[in-house]
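Let me begin by presenting the structure, written as structure tokens, before commenting on it.
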Amino acid sequence: MFGEWVISKLIKKINGNVFCYPDMPQLPENVDNIDWYIHIPFCKGKCAYCPFRSFPYKNEKVKEYVLAVKKEILIYKALLNINYIGNIYFGGGTPSLCPGAVIEIIEFMKSNFNINGEIGMEANPIEVADKKICDIFQKGGVSKVSIGVQTFDKELLAKVNRQFKADSAYEAIRILLDKGFYISIDMIHGLPDQTVSGIENDLKTLKELEPHQICYYPLVLFPTTKIYNDVKQKKIVVPDVKEQKKMFNVICKYLIGNGYNQEAFCNFKHDKLGTKDYQTCENEETIGIGVSSFSKIPNNGLAYINTYDFNEYISAVEKGKLPIAAGVAVSENGTEKIKNSMQLLYAWQHIVHGANINISKQRYGAFPKESDARKIKRFIELLKIFRIIEQKSDKYEYTNLGHYLGMRIFRKMMAGGGGPTAEKYISAMMNNPWPLMDDSFRA
Ligand SMILES: C[S@@+](CC[C@H](N)C(=O)[O-])C[C@H]1O[C@@H](n2cnc3c(N)ncnc32)[C@H](O)[C@@H]1O
Ligand code: SF4
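Residues 12 to 454, numbered by my numbering, are exactly what the sequence shown covers, in order.
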């Protein structure tokens, strides 16, 4: 497929520039108003499909971790000239499992910086079905919650080892909405034994609840997960491509018909419930704090990821070092090349994720090299010819076909696409705290 060929080319372009700890990236002087992501890597159990870094919840571990997170924040404070910060997002893992930790970190951020944005948090239904816990988060300043539901079908939930009952998800969302939180619900299609009629039932429940935002992800089979092995060993069956396409079309048609705008293949926002946003896959500039966090600082052409190892993370920050394990290098003569590659990559991400389609003339004009801008322009013309995107005033929007292709490409970029997809990086990071960028990494 043409789109897949382009993405593999772009990924290869930046892939030659990875660096290893302890080399430090050259950070920009001013990162005011940038968003911060703080990873809370603790969960009650491990869901069968989940590739994210998490450890079993233990009170002492959480305390140790919060101290380290504060140290990492202070390292950034000393390195960078930060007056204001944008939004703060707590992800995981399960931040809602650790209210004390989240509130302590928020207080710490408030005492060190001026916060211009809002505070968002990922939550599991089981904790936020308790009104008292919701109050603690609200008083602490959390105003946006991304709640992981995946499906309201209790048998499917049990199959993927989710630790809550479908009723508690419904209850939790009602409570959060009543309390005035901005709510984004995470759903997954393509789960084992999931059917189109099962999806239709989930959609009806979503319509009843009417959250501000819905993120409907396609199931990605990451090799580090239980579900991947179960499918490989034919213990469970996931819907085939034809069935998945039907599910995707049913989801888009239903949500668009019920007041939601499709902002990206997986991201639906209610068009009458305000203009906020819970940033998901298309987030822009971010400083990532904590184990396995990802930072993206496009102004300087930087993207890097923290170590996945708990103890190594703690010991790096205790020594006053940023716990960066890998990223895109910035060197004297490499800077321009990387900047160009990163800008191509970001342009591509905007096409794939449709992030309010910022491939405006303004962003376009920001390309340092005329030849890069020309390449993107030709690429956009092709997408228009194949009816993957269409122009609406000064921006581009996906067609239905475009969203479907975007979803297929996203899955391939994550896992199963060969080459340097996310699965390779995740496996390497899981196996080695400071992975050497060997040939398999660069494949
Ligand atoms: C960091 S995770 C989960 C946060 C929270 N602990 C929870 O379980 O609700 C964020 C979202 O990623 C999505 N996700 C995780 N693994 C996935 C996979 N293998 N395929 C598709 N979506 C996935 C789920 O929808 C999940 O809610
Ligand atoms: S999906 Fe959420 S609760 Fe489940 S293992 Fe992943 S981070 Fe933890």
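No residue lacks a Cβ here, since even glycine has one placed at the ideal position from N, Cα and C.
If we ignore side chains and look at the alpha-carbon of each, how far apart do residue i and residue j end up?
i: M441; j: D320; result: 8 Å
i: L416; j: I117; result: 39 Å
i: P62; j: F397; result: 34 Å
i: N240; j: P234; result: 7 Å
i: P250; j: L202; result: 7 Å
i: F276; j: K330; result: 42 Å
i: N123; j: V42; result: 15 Å
i: K165; j: Y181; result: 12 Å
i: Y76; j: R389; result: 48 Å
i: E211; j: I86; result: 49 Å
i: K372; j: Y407; result: Its pLDDT being 37, under 50, K372 is placed unreliably by the model, and nothing is read from it.
i: L188; j: L393; result: 43 Å
i: H50; j: L108; result: 13 Å
i: N411; j: F421; result: 15 Å
i: N317; j: E138; result: 28 Å
i: L220; j: H281; result: 12 Å
i: P334; j: P67; result: 22 Å
i: I130; j: Y289; result: 10 Å
i: E274; j: Y324; result: 36 Å
i: Y271; j: K69; result: 40 Å
i: E254; j: D178; result: 27 Å
i: G151; j: K143; result: 12 Å
i: C145; j: K395; result: 46 Å
i: M258; j: L284; result: 26 Å
i: K332; j: R173; result: 36 Å
i: Y265; j: Y409; result: 17 Å
i: K176; j: A169; result: 8 Å
i: N260; j: N443; result: 40 Å
Return the chain-ordered list of same chain residues with a C-beta closer than 8 Å to the C-beta of residue i, the five sequence neighbours on each side being excluded.
i: S65; result: P52, F53, C54, K57, G103, G104, T105
i: N125; result: N94, Y95, I96
i: I298; result: V42, I45, D46, W47, Y48, Y87, S306, I308
i: K121; result: G152
i: K256; result: Y415
How many whole angstroms separate the CB atoms of residue i and residue j, which I take to be in contact at a CB cut-off of 8 Å?
i: T196; j: V160; result: Before going on, a small fix: residue 196 reads as Ile here, not Thr. With a Cβ gap of about 5 Å, I196 and V160 count as contacting.
i: V328; j: A140; result: No, V328 and A140 are not in contact; Cβ-Cβ is about 34 Å, not under 8 Å.
i: A112; j: V171; result: A112 to V171, Cβ: 26 Å. No contact.
i: E296; j: I84; result: Rounded, the Cβ-Cβ distance is 17 Å, inconsistent with contact.
i: I114; j: T162; result: About 30 Å separates the two Cβ atoms, so there is no contact after all.
i: F148; j: Q224; result: With a Cβ gap of about 18 Å, F148 and Q224 do not count as contacting.
i: I186; j: P222; result: Not really, about 13 Å apart at Cβ, beyond 8 Å.
i: Y315; j: G338; result: 3 Å
i: Y100; j: S304; result: About 10 Å; that fails the 8 Å criterion.
i: Y227; j: I184; result: No, Y227 and I184 are not in contact; Cβ-Cβ is about 15 Å, not under 8 Å.
i: L230; j: D204; result: Rounded, the Cβ-Cβ distance is 12 Å, inconsistent with contact.
i: Y60; j: T236; result: 6 Å
i: G413; j: I391; result: G413 to I391, Cβ: 12 Å. No contact.
Less than 6 Å between C-beta atoms, sequence neighbours within five positions excluded: which residues of the same chain meet that for residue i?
i: E133; result: G102, G103, P106, S157
i: K218; result: N269
i: K81; result: F119
i: T206; result: none
i: G128; result: G97, N98
i: R419; result: none
Quick one: using the 10 Å Cβ neighbour count with 16 as the cut-off for buried, is residue i buried or exposed?
i: G268; result: exposed
i: N92; result: exposed
i: K246; result: exposed
i: P136; result: buried
i: V248; result: exposed
i: Q244; result: exposed
i: I437; result: buried
i: S208; result: exposed
i: A89; result: exposed
i: E71; result: exposed
i: Q402; result: exposed
i: P110; result: buried
i: V252; result: exposed
i: D213; result: buried
i: G191; result: exposed
i: K155; result: buried
Let me check one thing: in DSSP terms, what residues is residue i bridge-paired to?
i: T11; result: As displayed, the chain neither begins before 12 nor continues past 454, which places residue 11 out of reach and without an answer.
i: C54; result: P67
i: I158; result: A134, I196
i: H281; result: Y271
i: N125; result: Y95
i: E408; result: E401
i: G102; result: H50
Among the residues of its own chain, which have a CB less than 7 Å from the CB of residue i, if the five just before and after it don't count?
i: L232; result: I238, Y239, V242, A426, G427
i: A433; result: M424, M425, A426
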